[in-house]
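S.K.: Residue numbering for the sequence shown follows the UniProt record's numbering, starting at 1 and increasing by one per position. We treat Cβ as the ideally placed atom computed from N, Cα and C, and that holds for glycine. These figures come from a predicted structure and were not determined experimentally.
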Amino acid sequence: MICATDVPWLIMSTLERRLLRGQALDLESAGPRFESHHCIVTGAVGCNIICNIGFVFGLPGVLLPALQQPHSDIPLTKVSASWIASIISITTLFGNFVTPSIMERFGRRVAHMCASLPAVISWFVLVLATDVQMVLFARVLQGLSAGAILPLRSVLIGEYASPKYRGGFLTTVSLAQGFGIFLVHFIGSVLSWQRMSIVCGVIAFLSLIMAFYLPESPSWLAAKGKYEECRKSFRWLRGDEEENELEELIESQIKLRKKREREENGPQVNCVKKLGAVITRREFYMPLIVISHCFVMIQACGNSTLPAFSVQVIRLMMGPTANAHAWMVALDTLRLVVNIIAVFIINKFKRRTILFSTGGLCTFAHIAIAGYMFAKSNNLLSYDAEWIPGLLIVLQFFCIGLGMVPMPTVISGTYTIYAALLIYLFIMLWFILPETSGKTLQQIENELRGDTTRIQDIEATVSLKQDETDTAKSG
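1) With respect to the alpha helix (DSSP H) encompassing asparagine 96, which residues constitute its N-terminal and C-terminal limits?
2) Name the two residues that bound the continuous alpha helix (DSSP H) containing tyrosine 160.
3) How is the alpha helix (DSSP H) around proline 218 delimited, first residue to last?
4) For serine 463 and isoleucine 250, what's the separation of their Cα atoms in angstroms?
5) Mind checking histidine 71: buried by the 16 CB within 10 Å criterion, or exposed?
6) Compare the beta carbon distance of threonine 172 and threonine 42 with 7 Å and say whether it is the shorter of the two.
7) With DSSP collapsed to three states, give me the class of phenylalanine 364.
8) Could you tell me which whole beta strand (DSSP E) segments of length 3 or greater appear in the region 284-335?
9) From what residue to what residue does the alpha helix (DSSP H) around leucine 206 run?
10) Could you tell me if isoleucine 50 is buried or exposed, where buried requires 16 or more neighbouring beta carbons within 10 angstroms of its beta carbon?
11) Per DSSP, what kind of secondary structure is isoleucine 187 in: helix, strand or coil?
12) Please list, in chain order, all residues of the same chain as proline 151 whose beta carbon is under 7 Å from its beta carbon, the five residues on each side excluded.
13) Can you tell me whether leucine 76 is buried or exposed, with buried defined as 16 or more other CB within 10 angstroms of its CB?
14) Which class does tyrosine 165 belong to by DSSP, given the choice of helix, strand or coil?
15) Using 8 Å for Cβ pairs, my map puts alanine 146 next to asparagine 52. What's the rounded Cβ distance?
16) Looking at C-alpha atoms only, which residue of Ile149, Ile388, Asp384 and Arg351 is the closest neighbour of alanine 365?
17) DSSP three-state label for asparagine 378, please.
18) Do you know offhand how far phenylalanine 356's Cα is from valine 338's?
19) In terms of residues, what are the limits of the alpha helix (DSSP H) holding glycine 54?
20) From arginine 139 to isoleucine 254, what distance separates their C-alpha atoms?
21) Grab the span of the alpha helix (DSSP H) containing phenylalanine 234 for me, first residue to last.
22) In terms of alpha-carbon separation, which member of Cys114, Leu381, Pro163 and Ser154 lies closest to glutamine 142?
23) In angstroms, rounded to a whole number, what distance separates the CA positions of leucine 214 and phenylalanine 374?
24) How long is the line joining the alpha carbons of leucine 183 and arginine 231, rounded to whole angstroms?
25) Compare the beta carbon distance of glycine 46 and alanine 176 with 7 Å and say whether it is the shorter of the two.
26) Suppose you measure from the CA of asparagine 323 to the CA of serine 192; what does that come to, to the nearest Å?
27) Tell me whether the region 73-93 and the region 102-112 touch, counting them as touching only if at least three CB pairs, one residue from each stretch, are closer than 8 Å.
28) Between which residues of its own chain and leucine 63 is the CB-CB distance below 6 Å, once the five residues before and five after are set aside?
29) Do you know offhand how far alanine 326's Cα is from methionine 297's?
30) Determine the closest residue to leucine 336 out of Gly180, Phe57, Leu361 and Ile444, with distance taken between C-alpha atoms.
31) Using the C-alpha atoms, what's the distance from alanine 66 back to residue 520?
32) Are the Cβ atoms of serine 219 and glutamate 159 separated by less than 7 Å?
33) Which whole-angstrom value describes the C-beta separation of valine 127 and isoleucine 198, a residue pair presumed to lie in contact below a C-beta threshold of 8 Å?
34) Check whether the Cβ atoms of isoleucine 369 and leucine 392 sit closer than 7 Å, and answer yes or no.
Dropping the structure here:
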């Protein structure tokens with residue numbers, strides 16, 4: 001006889017029951033449900049981004065106003081408030097440097113867990129905080145975790161997901177970040193910051209558990225010479241419909257390993273000359289130039305400013321009578337909705353088209369806000385109303401959710417500098433940014449290397465082998 005308590009267990013999928021029992025994912029018996037496996041991986045990465053980036057960047061927006069109250073348990077000065085908001089920028093840099101070595105040596109899965117652990121600890125440190133020093137220590141841990149996940153998030157989705165789904169799944173990176181900011185602002189508006197930290201800590205711990213059960217990246221397994229494990233992991237994620245990319249991946253890694261062996265067995269090259277040879281390779285400096293311009297673009301837009309000082313910024317732009325907390329939650333909701341829309345339209349247009357169209361709107365918003373704030377501060381406005389800065393901020397959030405991650409600051413001079421930087425960055429990216437829509441990671445790598453013929457050669461070889469197999473079967 002089946003008891004009522006058995007019903008939830010029976011309706012669970014096999015995968016969910018295994019996870020609850022603590023069993024690892026069986027790569028050989030997973031079956032053809034590879035599209036759901038994409039969602040599992042993306043969900044785990046998304047949960048990590050919600051906790052490690054969204055919560056971290058959104059926390060000061062609710063923590064600082066609470067600590068600046070007259071009867072706060074932790075007295076806060078303007079200097080300490082600035083440190084709480086900005087210290088993650090320093091520790092994020094250290095996290096960025098740590099992750100690549102862990103990814104390369106121990107794999108993406110281990111790096112994912114290492115990136116999650118400091119965030120889990122930080123939230124419970126924040127719960128127990130009794131002074132500014134403990135709050136700052138928690139923020140240091142959060143910055144390390146955020147910095148660790150930044151280079152890892154796109155690598156995970158890029159290596160796990162199929163090219164036809166990758167664009168949509170990569171869009172969930174921005175969606176997860178926006179949802180994390182919205183969630184921490186919403187929870188902080190209805191709970192005390194200590195209880196909010198408990199909720200965030202529990203969610204962060206669950207994301208760590210999810211990372212533990214993910215399979216290893218096929219790309220990393222192939223790079224380490226574990227080709228059979230690579231095939232199992234790849235087919236668990238993608239099924240049997242993308243064998244061309246699998247064989248291309250393995251063949252490329254085999255050739256690279258043979259090349260390294262020849263270099264190691266050949267005459268020893270001076271380390272300085274070897275370093276110079278690496279730096280001058282196109283596949284080294286081109287991705288570096290593109291990525292550095294993209295990161296500068298994001299930071300020049302003020303990505304960390306409004307989530308940290310949202311209440312103060314909204315009051316300064318709209319006036320003291322504006323309901324800053326309601327605006328904060330409403331703008332977070334707008335960003336979240338536009339992020340969801342972006343997930344569905346990302347594969348309808350080219351990446352460059354989306355970037356430059358939303359970038360143009362973003363640059364216009366910066367120039368408009370800079371002009372508005374300058375005119376307002378110098379009493380040059382013949383008409384002013386709360387909806388004018390509100391409309392400009394809404395336009396800014398629309399650009400954030402759809403194709404960029406920019407945020408405004410309040411000083412008009414800073415907006416002018418940001419707009420000039422954006423114009424320069426867009427001009428540079430117009431000429432150096434390659435189109436990645438529908439391409440495999442190996443094809444993108446070959447394009448950055450400047451090797452365009454090798455892709456067709458590999459595809460022709462795989463097709464020929466397939467034709468030979470079909471002929472043998474028919475004979």
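M.R.: Reading off the structure:
1) 78-106
2) 132-160
3) 218-223
4) Only weak support exists for where serine 463 lies, its pLDDT of 49 falling under 50; the value from the coordinates is given anyway. Taking the straight line from one Cα to the other gives about 16 Å.
5) exposed
6) yes
7) helix
8) none
9) 193-212
10) buried
11) helix
12) Asn96, Thr99 and Pro100
13) buried
14) helix
15) 5 Å
16) Ile388
17) coil
18) 17 Å
19) From DSSP, glycine 54 is part of no alpha helix (DSSP H); its letter is neither H nor E.
20) 43 Å
21) 227-238
22) Cys114
23) 51 Å
24) 38 Å
25) yes
26) 19 Å
27) no
28) Trp193
29) 29 Å
30) Gly180
31) With the chain covering only 1 through 475, there is no way to say anything about residue 520.
32) yes
33) 6 Å
34) yes
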